[in-house]
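First residue of the sequence shown? That's 203 in this note's numbering, and the numbers climb one at a time after it. Right, one structure below, let's go through it.
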Amino acid sequence: GMARSLRRGVQALDGAKRVIVTLGDQPFVSSEVIARFARAAPGTRATYGGRPGHPVVLGPDQLRAVRELRGDRGARELLGDAPAIECGQLCCARDVDTQEDLEAIRDEVRAVL
């Protein structure tokens, strides 16, 4: 589940003091969004129209806690009342989870071009 994927990523970066976690199934999260998080404090998360999302910045406390996560849980509960950076004006955080999602996004992009 999510916890295993996150733990493995954190383990691969053993010794890191800060990690930016983003999702591979959100193709519209821009480099500008990522750049904002490169400068953000540990524990900061993105919001899109006020709804929490990715990327998130994990610092030493969260990285230690990630190693204990189990099951289908990500880092959401580790962030608590974390500071947020609103990113809705910069990009769309839409997931591409299915072939249908991918086709819908392709159609939308073609319509704009």
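In this text, a Cβ means the ideal position worked out from N, Cα and C, and glycines have one as well.
>> Taking the alpha-carbon of Glu279 as reference, which of Ile287, Cys289, Glu288 and Ala267 has the nearest alpha-carbon?
In response: Comparing Cα-Cα distances from Glu279 to each of Ile287, Cys289, Glu288 and Ala267, the minimum goes to Ala267.
>> Which residues does DSSP list as the beta-bridge partners of Arg210?
In response: None; Arg210 has no bridge partner.
> Using the rule of at least 16 other Cβ atoms within 10 Å of the residue's Cβ for burial, across every protein chain shown, is Ala243 buried or exposed?
Replying inline: With fewer than 16 other Cβ atoms from the protein chains shown falling within 10 Å of its own Cβ, Ala243 counts as exposed.
> What residues are listed by DSSP as bridge partners for Glu234?
Replying inline: According to DSSP, residue pairing for Glu234 in a beta bridge does not occur.
> Which residue's Cα is closest to the Cα of Ile236: Arg206, Pro257 and Val221?
Replying inline: Nearest option by C-alpha distance: Pro257.
> Looking at the structure shown, is Val258 part of a helix, part of a strand, or coil, going by DSSP?
Replying inline: It is a strand residue.
> If you compare alpha carbons, which of Ala240, Val223, Thr249 and Arg210 is closest to Cys289?
Replying inline: Scanning Ala240, Val223, Thr249 and Arg210 for the CA closest to the CA of Cys289 turns up Thr249.
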